[in-house]
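Trainee: Below is a structure I'd like to ask you about.
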Amino acid sequence: MVFLITGAAGFIGGNYCHIMTKKYPNDMFIGFDALTYAGNIKTLAPVMERDNFRFVKGDIYSKEDVKEVFDNYKIDIVINFAAESHVDRSLDNPLLFVKTNVDGVALLLSEALQRGVKRFHQVSTDEVYGDLPLNRPDLLFNEDCPLKASSPYSASKASADLIVMSYYRSFNAPVTISRCSNNYGPYQFPEKLIPLMIKNARSGKKLPVYGDGLNVRDWLYVADHCTAIDTIVRNSENGKIYNIGGNSEKNNITIVKTILNILGKGEDLIEFVADRKGHDRRYAIDASKIKSELGWEREYKFDDAIKATVEWYVKNDKWLSEIESGEYLRFMRSHYGE
Ligand code: NAD
Ligand code: TYD
486 MVFLITGAAG FIGGNYCHIM TKKYPNDMFI GFDALTYAGN IKTLAPVMER DNFRFVKGDI
546 YSKEDVKEVF DNYKIDIVIN FAAESHVDRS LDNPLLFVKT NVDGVALLLS EALQRGVKRF
606 HQVSTDEVYG DLPLNRPDLL FNEDCPLKAS SPYSASKASA DLIVMSYYRS FNAPVTISRC
666 SNNYGPYQFP EKLIPLMIKN ARSGKKLPVY GDGLNVRDWL YVADHCTAID TIVRNSENGK
726 IYNIGGNSEK NNITIVKTIL NILGKGEDLI EFVADRKGHD RRYAIDASKI KSELGWEREY
786 KFDDAIKATV EWYVKNDKWL SEIESGEYLR FMRSHYGE
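Per my numbering, the very first residue in the sequence shown carries number 486; after that it's consecutive.
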């Protein structure tokens, strides 16, 4: 089978290509990515030389780029990881998120279906459900919860989910959606909480914690997200939505202290800063549907995988420092100040 992996040079798409090109030597994987500030071709270095991998630079929002990749390869399955993915950036430039995450997805989906793909899988997020209160630990997001997105990022992802599902209802299109909680692991862009805190702690910079630091996320190791998507794509019926979660809720201050502890750094580096606008309080996932219907469960435990993640960033200093390009520095300065 031939897979089109959009957003392949990003964090999760990159990890997906690393794992799946090895696991399925008889399948072909076409990595497709516009190489925005978040895409890094070096993330794909481990797979570039593999016989079952090709890289194509292209934009999901460009009709020409999308048509060309379908002309050049007989694609069976599309997995759409491509997105603008950072909530803080969506507060700076909401329209870019609509362009990529809504219009781009609609264009890619429509072309893929015209070409007769067997499956279009949309990688979505638990953020489409909005947030949960801290004082109701019994509440979890399940697949039937209403979409109540808070940020321009999550609203753009929710919009894409609606478009994808409308193609199922209207045209019986072979689509699936997964909604995952927060990922961590190698190759994550250091504007997101975990790699940013590792990077700052290592260089003795302050660790900017938004608000009171008590916001809760459910954390899942990226390899587990990749195997969950693989399970859905190969085994699910059309038109299904699955939550993916780590059953590992932590508040931000706990995450930051864990990182400092692993690195042997002091908590005096922590700095509480102004809260994010509209900051979602808690995300928590009920992932029982994917377990009962498809048999998927997470493999990695947080305490071990966070240590391995910190060690990866320590060992891969070069990957991290190369990312600090013009656009990265511009955003960091405008968001956090000098
Ligand atoms: P990322 O920002 O690291 O990677 C996104 C990739 O998409 C980049 O390589 C970028 O160059 C590419 N891209 C952006 N616009 C594009 C376009 N117009 N055409 C082609 N490529 C484009 O993001 P990530 O963390 O790897 O997230 C991947 C997907 O998973 C996203 O759809 C995101 O919404 C979803 N997701 C992420 C998380 C998380 O914790 N990171 C959790 C749940 C869901
Ligand atoms: P992030 O990694 O941006 O993921 P998301 O907002 O999609 O969950 O942020 C995770 C949590 O960490 C979120 O509650 C915001 C918080 N955060 C900080 O406190 N400081 C920071 O510098 C960043 C980037 C995030």
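Glycine included, C-beta positions come from ideal geometry on N, C-alpha and C.
Measure the C-alpha to C-alpha separation of I717 and G498 and round it to an integer number of angstroms.
Mentor: For the purposes of this step, residue 717 is taken as residue 232 along the sequence shown, with counting starting at 1. For the purposes of this step, residue 498 is taken as residue 13 along the sequence shown, with counting starting at 1. Cα to Cα, I717 sits roughly 16 Å from G498.
Trainee: As an exercise, report each continuous beta strand (DSSP E) stretch of at least 3 residues that is fully enclosed by the segment 534-612, in chain order.
Mentor: Within the segment 534-612, the complete beta strand (DSSP E) runs of at least 3 residues are 538-542, 562-565 and 604-610.
Trainee: So, is F555 buried or exposed, given that buried needs 16 or more other C-beta atoms within 10 angstroms?
Mentor: Sequence index remark: in the sequence shown, residue 555 carries index 70 (1-based). Label assigned to F555: buried.
Trainee: Is R761 near ligand 2, with its Cβ less than 7 Å from a heavy atom?
Mentor: Taking the first residue of the sequence shown as 1, we reach residue 761 at position 276. Yes, Cβ of R761 sits closer than 7 Å to a heavy atom of ligand 2.
Trainee: What residue from L692, I808 and K633 has the CA that sits closest to A759's CA?
Mentor: If you number the sequence shown from 1, residue 759 lands on position 274. Ranking the options by Cα distance to A759, first place goes to L692.
Trainee: Could you please give the first and the last residue of the uninterrupted beta strand (DSSP E) stretch that includes R465?
Mentor: Residue coverage of the chain in this structure runs from 486 to 823, which leaves residue 465 outside it and unanswerable.
Trainee: Would you tell me roughly how many angstroms separate the C-alpha atoms of H710 and E569, rounded to the nearest one?
Mentor: As a working mapping, residue 710 is identified with position 225 in the sequence shown. As a working mapping, residue 569 is identified with position 84 in the sequence shown. Roughly 18 Å between the two C-alpha positions.
Trainee: Which same chain residues, not among the five before or five after P510, have their C-beta less than 7 Å away from its C-beta?
Mentor: The residue given as residue 510 occupies position 25 in the sequence shown. Excluding positions up to five away in sequence, the list reads N537.
Trainee: I need the straight-line Cα distance from L748 to P675, nearest angstrom please.
Mentor: Walking along the sequence shown from the start, residue 748 turns up at place 263. Walking along the sequence shown from the start, residue 675 turns up at place 190. Those two C-alpha atoms are separated by around 17 Å.
Trainee: Using the beta-carbon count (16 or more within 10 Å), is V572 buried or exposed?
Mentor: As a first step, residue 572 is located in the sequence shown; it is residue number 87 there, counting from the start. Looking at its Cβ environment, which holds 16 or more other Cβ atoms inside 10 Å, V572 is buried.
Trainee: Nearest CA to the CA of L625: which residue from L779, G731 and M817?
Mentor: Counting from one through the sequence shown, the residue named residue 625 turns up at place 140. Checked all of L779, G731 and M817; the closest Cα to L625 is G731.
Trainee: Taking the C-alpha atoms as reference points, what is the distance between G615 and Y638?
Mentor: In the sequence shown, counting from the first residue as 1, residue 615 sits at position 130. In the sequence shown, counting from the first residue as 1, residue 638 sits at position 153. Taking the straight line joining both Cα atoms gives about 11 Å.
Trainee: Shorter than 7 Å, the distance from the beta carbon of R539 to the closest heavy atom of ligand 2, or not?
Mentor: Numbered from its first residue, the sequence shown carries residue 539 at position 54. No, ligand 2 has no heavy atom inside 7 Å of this Cβ.
Trainee: In this structure, what does DSSP give as the bridge partners for G516?
Mentor: As a first step, residue 516 is located in the sequence shown; it is residue number 31 there, counting from the start. Paired residues: I490 and F540.
Trainee: Could you tell me which of L489, E596, K735 and L581 sits nearest to Y558, measuring between CA atoms?
Mentor: Taking the sequence shown and counting its residues from 1, the one referred to as residue 558 is at position 73. Nearest C-alpha to Y558: L489.
Trainee: Helix, strand or coil for Y669 per DSSP?
Mentor: On the sequence shown, residue 669 is found 184 positions in, with the first residue counted as 1. Looking at Y669 - three-state DSSP - the assignment turns out to be strand.
Trainee: Do R664 and Y768 count as a contact pair if the criterion is CB distance below 8 Å?
Mentor: Here the question's residue 768 lines up with position 283 in the sequence shown. Here the question's residue 664 lines up with position 179 in the sequence shown. For Y768 and R664, no; Cβs fall outside 8 Å.
Trainee: For D561, which residues from the same chain have a beta carbon less than 8 Å from its beta carbon, with the 5 sequence-adjacent residues on both sides left out?
Mentor: Against the sequence shown, residue 561 aligns to sequence position 76. Answer for D561: M486, V487, F488, V602, K603 and R604, listed in chain order.
Trainee: Give a single yes or no on whether S570 has its beta carbon closer than 7 Å to a heavy atom of ligand 1.
Mentor: Mapped onto the sequence shown, residue 570 falls at position 85. The answer is yes for S570.
Trainee: Can you tell me which residues form a DSSP beta bridge with I755?
Mentor: Taking the first residue of the sequence shown as position 1, residue 755 is located at position 270. Looking at the DSSP assignment, I755 forms a beta bridge with L692.
Trainee: Check whether the segment 639-646 and the segment 534-551 touch, using three or more Cβ-Cβ pairs below 8 Å as the test.
Mentor: These segments do not touch.
Trainee: Taking 8 Å as the threshold, find out whether the segment 773-786 comes into contact with the segment 683-697 through three or more Cβ pairs.
Mentor: They do not touch, by the three-pair rule.
Trainee: Provide the residue(s) that pair with E784 in DSSP beta bridges, ordered along the chain.
Mentor: To locate residue 784, count along the sequence shown from 1; it is residue 299. Answer by DSSP bridge pairing: none, since E784 is not bridged.
Trainee: Measuring only from the beta carbon, is E676 closer than 7 Å to any heavy atom that is part of ligand 2?
Mentor: To locate residue 676, count along the sequence shown from 1; it is residue 191. Correct: E676 has its Cβ closer than 7 Å to ligand 2.
Trainee: Beta-carbon separation of Y522 and Y813 under 8 Å?
Mentor: Working through the sequence shown from its first residue, we reach residue 522 at position 37. Working through the sequence shown from its first residue, we reach residue 813 at position 328. A contact, by the Cβ cut-off of 8 Å.
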